[in-house]
Structures are given as structure tokens and as C-alpha cells.
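Engineer:
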């Protein structure tokens, strides 16, 4: 897992170089089709990537985005009206049976279909109209890291390709360098995890574009460290779940710059009153001041491109905490790399 | 909270009687508008009701449904293309500022808008094209119960009104009687909660139509009992989070009859191997046999109408567990009835 985390800057660079031309051409093709809905279909870490894709694509393209509920198709046999939809399946292995069933149904109903996967010869690539590949090599750890950021990157490239003519570029080419900068945090994280070795449960919070990071960090903590990790947006967290917070309760918070920072600062101030124990990933001095601990991120990373560099210290945190607990993050108990569900 | 739980059968009956004519007329109006997307906007318990609405509406109408991310509108200022959409806001108080902002934006962009609320004179009712009201009276407990099931009921009525001509009726008129039957479980639940007084964290599982019940039971446990309660579909649970399960780990499972029961039985068998501690709400003898404890539901309740009667023992469980722990479920620490977020 640590090896694959470290491979991410190079893997992202390679994926940009290999795929950017194809994604741009695909964008022209999709724009010509008068799409008025995008549906994303995924499970597990890939579903967390899709959660990011949902925010980015709505914000950048103005097209409404829905995250599919696979059982509606696979168990309830519903036939959705998707003639004017773009349906994007996301699966590391390309072998998620339920995801593939939804893609087949969508294609049969006239939708334009795309698969984002790591496996060029998978079942998924045989179903979809177009495949977007990650070029980071086979992922061996059960805990997805480089395929997760590879999927995030593809959503940046897809959003860039679908944005309105004349809209500002996302400049996603800066991401591999930002990811490399984030990797430099490893020694800091190594020292930090000792504090959390006996943590039994926690909450992870993010909002907007980094909401997906809260889901992904929580999933890594569950998979590799066996910590009961809840995930909320800072807005939903105030609707009820805040009641679980007592003195010393551990909360991890993504606080990049931008439109969500004000609300996150308010949440941090409230959590400080409640004497929660907060660890914040941020470049903001005020957010850091309000936190029990902070991981200071490079200041030049703006909100839109924060998602990949901000998940890297969280991936390192999970892998290094597992190690500090004497667990093997590459072989979590009870899990296999490919999960079969219908 | 216990009082309001007990009011539900009568409240549901009243809402059916008062609203069914209006919802049916509204359905004709919406069908005439050639809607090809439904967007649901909510937070907290109302968002859990919307999660149910999403499954039911897709299954019954074939129209794709998206759960809105309010921050896309309120913080990122995106203008989504919603001319052919039906946008449904769900809010007990009708005063959720972010929900109302999304409804305003949607209406401005040409969408047809509906509000489901308990407050006829709220801000929301002034924004939307049509209001669907719950008729169970003012809800005083911070933990929503009768407004949650009232919202679920409105989704049944809306799905019935939007279903294809000639499709089978949902027969939702049976729900108040089923809810009354579920209330008879109170003495059983009173005995059961003693076992869970020192539970610190747990997982709640449901899939398909009762997926929303997993979210709602988890939220009630967090709000009123301060238990760290995760919520998953049985499919997602196998993708990673299963690793947190160790011997004696408490898991609550909704297992109504129908298409999801097979998968839930498989999960129960796996959890039995892992020696987890399971409590299952079910009418199925095999699911009960695989569980550590079971709450046996009336056998005549089919899958489609299971959602409301199956949440009632879970509501009772949360309220009675709070009581057994010496907590006041009507006044959870750190919370207010109306939460303001943008």
C-alpha cells in the first residue's frame, strides 16, 4: 500500500499523457449528443471517486449528475429512461458484476456509456462505448490508492472536456506535481499516527469537492486499521450526528481553501467548545489554530485541484497507522480484492 | 419521542385522507409536462426519506432520480439545467435555508417544484409550485419520527400518482394498519434494549427500499443514544467496511421479504462465521435463525410496503435505549430542532 501510494505522482503524469487526447475527443462527441443527465455507477473506493465526479461535473458542466443505485437495475429490474444520459461506470477491475449490468441496461436504453478502469481487457471495456484507462500499473494492495486518484483524475479530464466553450481551464496538469509535494508529508504523518494507535472510532468530515475524501479516508481507516469511521459533510454533521461528539472524540477534517472553508472553520470552533480531538488537513492558519493537530498542506494548491493532494496524507495516515498497530494493510481480514455482488 | 412514535398510525391515516386527492391531481399535471429527471433535496432525517423516495420513484416510474448536493448550488453557484426536471424539497420545518435556495434556483431554471413539509406557512411553501403537507401535528422532539414516516408516505403517494397508466397500484392505504401492528412490538423492544446499554458503536444495514431505514436508524442511535452508528447497504458493506467486524460487533439489519432477502441472508451467514452480534428486523424464519436476536415482523407485510412498519421498531429501539441509558431522547446534547446551513 505504501509503495502504491508513492507511485501516484508518476502514475497520474502517465495517465494524463496517455489519455488526454482521447478524453478531449470523447468530450466533443458527447457534447454533440445533447446530453442532459450524467449517471455515475460504482461501488467501494470507486464510488467515492464517483462522489467527487458528481460535484465536479455538476459545477463545471451544469449538467445534473446522479449516482446510480445498482440494485434498482439488478434486483428490482427497473428500466430507466436514459436516452439522453451519459452513463459512466467506475471500477478498478472492470469486473464488478452489478456495475456491468447497469452499463449494459443503460446502453440498451440508448445511453452513451463510458468505463473508467485499470484493466484494458476487462468485461467492462467490452460493454461500454468508450474506455478511459488508468496507467499506473496493476494495483496489488486490497486497499485502493493509486486507482482511486487515477479515477479522480479522469473526472478532472472529463469535466475539462465537457465544460462550456470559453470556460476557464481546470489546469489539471499541475496535479502530479502537487501529489509529489503531498508525498513529502510522509515523515510528519509517521510521527503523528502514534497518537491514534488506540483510537476505536472516529468521524471524517469534508464538504463539496473534498466530501469524497471524507468517504475515502473513512473507508481506508475501516479496511486497514479496523477503526469504526463515520463520514459526513460538515453540513450533515450538524443535523444530528454532532450529538455523538464528546470530549476527546477524534474527528478528521479536510479544510482546503475556497468556498467551504468558512463553514469548516465554524464547525472547528464548535468542536473546540465540545473539546473534540480534531486533526485537520489544511493550508489555513486559522483552521489549524482551531484544531488539536493539523497537517499543513502547500499553500499554492487551490480548492479545485485540492482533492488528490489532500487525500495523499490521509492514505499515508491509514497505511502508517495500520503499521503502527501491527496490522498488514495489504491483506485486511475478511476482504478480497474483487467483490461480487448483484 | 415515544408519544410521537405512537401517533404515527393515526397521523399516516390523516395524511392519506387529506392529501390523496391533491397528489393524484398533481401527478396528472406532472405527467403532462414530460419530465425526464427527478431531483430530491433534503438534509438529515428528511434526506433519509429522500433516499427511499429515490429508490421507489425510479422503480415505479422509470424516471432517473438524483439526490441533490445543496452546496453545488449554495456555495459553488452552479446553475444546473433543470428545465425538464421535477425538483422535490423535503423539510420538516420548511425553513432549511440551503434546501430553499436550491428550490428557488430550480424554479428559476424552469423546473417543476414540490415541497414536502409539516408547516403550511413556512418559507418553503412560498417558493414551490405545490406543497404536500403532513397532517400529524407539530413535532416537538428533536429526533424526527412522525414527520419521517409522513415524508415516506408522501413518496408512496407521489410514486402512485406518477406510475405508468395501467401499472399495478401500490395499495399504500394498508400502511396505517401495518404501522399499528408494528407498534405492538413495543413490549418486546423494551426487553431487548437492556442488552445494548453499553454498546459504543454499531453498524446498521439495509438494501434497496429499506436502505433508507439503515440511515434513519443509525441517525436516531447517534442523536438520542450517542452511539457511533455506521450505515451501509449489504452490498457496500462487503466492499471494505466488513473488515471492522470482530467477534461480538453489533450489527442491526433490515431484512423484509422480497428481492434483497437472498443477499441479506448471505450477509447474515458471513456475519455468523465472524461471530458478529446481529439483531434483525424480519419476517423470515431463516434470517432469524442466522441472527443473534430477531424482531419478528408481521408476515403479511410485503416488500414494497415494508419501509414504514419496519422503521417503527427501530424508532422504538432508539427511544427506549436512550431511556435505558438515562438519556433524554427529546433533548439531545448539542442539537437544535432547526439547523441552519448554507
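Residue numbers (my numbering), protein chains in the order written: chain A, 441 to 782; chain B, 441 to 782.
Positions of the beta carbon are idealized from the N, C-alpha and C atoms, including for glycine.
How is the alpha helix (DSSP H) around residue 531 of chain A delimited, first residue to last?
Structural biologist: It is not in any alpha helix (DSSP H) - residue 531 of chain A instead sits in the beta strand (DSSP E) that spans 525-531.
Engineer: Have a look at A:718, A:751, A:774 and A:621 and flag the residue whose alpha-carbon is nearest the alpha-carbon of residue 683 of chain B.
Structural biologist: A:774
Engineer: Does DSSP put residue 721 of chain B in a helix, a strand or coil?
Structural biologist: strand
Engineer: Mapping DSSP to helix, strand and coil, what is residue 563 of chain B?
Structural biologist: helix
Engineer: Let me make sure I understand the geometry here. Which of B:556, B:718, B:605 and B:603 has the alpha-carbon closest to that of residue 593 of chain B?
Structural biologist: B:556
Engineer: Taking 7 angstroms as the limit between beta carbons, can you name the residues of its chain near residue 490 of chain B, skipping five residues before and five after?
Structural biologist: Answer for residue 490 of chain B: 480, 482, 507 and 530, listed in chain order.
Engineer: Could one say the Cβ of residue 696 of chain B lies closer than 9 angstroms to chain A's Cβ atoms, at least one of them?
Structural biologist: no
Engineer: Please decide whether residue 700 of chain B counts as near chain C, where near means a Cβ-Cβ distance under 9 angstroms.
Structural biologist: Given the protein chain composition of this structure (A and B), no chain C is represented.
Engineer: For residue 587 of chain A, which three-state DSSP category applies?
Structural biologist: In the structure shown, residue 587 of chain A falls within a helical segment according to DSSP collapsed to helix, strand and coil.
Engineer: Is it the case that the stretch 634-646 of chain B contacts the stretch 572-589 of chain B, given that we only count it when at least three CB pairs across the two stretches are under 8 angstroms?
Structural biologist: no
Engineer: Say whether the stretch 548-567 of chain A touches the stretch 723-737 of chain A, bearing in mind that this needs 3 or more beta-carbon pairs closer than 8 angstroms, one atom from each stretch.
Structural biologist: no
Engineer: Using a beta-carbon distance below 9 angstroms, is residue 596 of chain A in contact with chain B?
Structural biologist: The C-beta of residue 596 of chain A comes no closer than 9 angstroms to any C-beta of chain B.
Engineer: Classify residue 628 of chain B: buried if its beta carbon has 16 or more other beta carbons within 10 angstroms, exposed otherwise.
Structural biologist: exposed
Engineer: Return helix, strand or coil for residue 441 of chain B, following the three-state DSSP convention.
Structural biologist: DSSP places residue 441 of chain B in coil when its eight states are reduced to three.
Engineer: For residue 474 of chain A, which three-state DSSP category applies?
Structural biologist: Coil at residue 474 of chain A, not helix or strand.
Engineer: Residues bridged to residue 555 of chain B by DSSP?
Structural biologist: DSSP, once it has assigned bridges, lists B:529 and B:571 as partnering residue 555 of chain B.
Engineer: Looking at residue 654 of chain A: is its Cβ nearer than 9 angstroms to the Cβ of residue 538 of chain B?
Structural biologist: no
Engineer: Find out if the Cβ-Cβ distance for the pair residue 449 of chain A, residue 663 of chain B is shorter than 9 angstroms.
Structural biologist: Cβ distance not < 9 angstroms, so residue 449 of chain A and residue 663 of chain B don't count as in contact.
Engineer: Smallest Cα separation from residue 536 of chain A: which of A:770, A:452 and A:564?
Structural biologist: A:564
Engineer: Based on DSSP bridge pairs, tell me the residues matched to residue 670 of chain A.
Structural biologist: A:643
Engineer: Which residue marks the beginning of the beta strand (DSSP E) containing residue 506 of chain A, and which one marks its end?
Structural biologist: 505-507
Engineer: Measuring only between beta-carbons, confirm whether residue 662 of chain B sits less than 9 angstroms from chain A.
Structural biologist: Closer than 9 angstroms: yes.
Engineer: Is it a yes or a no for the stretch 752-762 of chain A touching the stretch 616-634 of chain A, going by three-plus beta-carbon pairs under 8 angstroms?
Structural biologist: Segments in contact, yes.
Engineer: If I measure Cβ to Cβ from residue 524 of chain A and keep anything under 7 angstroms in the same chain, skipping five residues before and after, which residues do I get?
Structural biologist: 474, 475, 476 and 477
Engineer: Using only alpha-carbon positions, find the residue among B:572, B:566, B:559 and B:569 that is nearest to residue 578 of chain B.
Structural biologist: B:559
Engineer: Any C-beta of chain B within less than 8 angstroms: which residues of the stretch 676-691 of chain A qualify?
Structural biologist: 676, 678, 679, 680, 681, 682, 683, 684, 685 and 686
Engineer: So, with DSSP's three-state summary, where would you put residue 737 of chain B?
Structural biologist: coil
Engineer: Following the continuous alpha helix (DSSP H) through residue 548 of chain B, name the residue where it begins and the one where it ends.
Structural biologist: 537-548
Engineer: Compare the beta carbon distance of residue 600 of chain B and residue 612 of chain B with 9 angstroms and say whether it is the shorter of the two.
Structural biologist: yes
Engineer: For residue 657 of chain A, which option in A:486, A:505, A:712 and A:459 has the closest C-alpha, if you only look at C-alpha atoms?
Structural biologist: A:486 is the residue among A:486, A:505, A:712 and A:459 whose C-alpha sits nearest the C-alpha of residue 657 of chain A.
Engineer: In whole angstroms, what is the alpha-carbon distance linking residue 446 of chain B and residue 533 of chain A?
Structural biologist: 49 angstroms
Engineer: In the structure shown, what three-state DSSP assignment does residue 772 of chain B receive?
Structural biologist: coil
Engineer: Less than 6 angstroms between C-beta atoms, sequence neighbours within five positions excluded: which residues of the same chain meet that for residue 652 of chain B?
Structural biologist: Cβ within range, chain order: 488, 491 and 492.
Engineer: In angstroms with no decimal places, state the Cα-to-Cα distance between residue 772 of chain A and residue 484 of chain A.
Structural biologist: 15 angstroms
Engineer: Let me make sure I understand the geometry here. Which of B:505, B:569, B:649 and B:715 has the alpha-carbon closest to that of residue 689 of chain B?
Structural biologist: When only C-alpha atoms are compared, the closest one is B:715.
Engineer: Which runs of the beta strand (DSSP E), 3 residues or longer, sit entirely within the stretch 665-712 of chain A?
Structural biologist: 668-672 and 690-695
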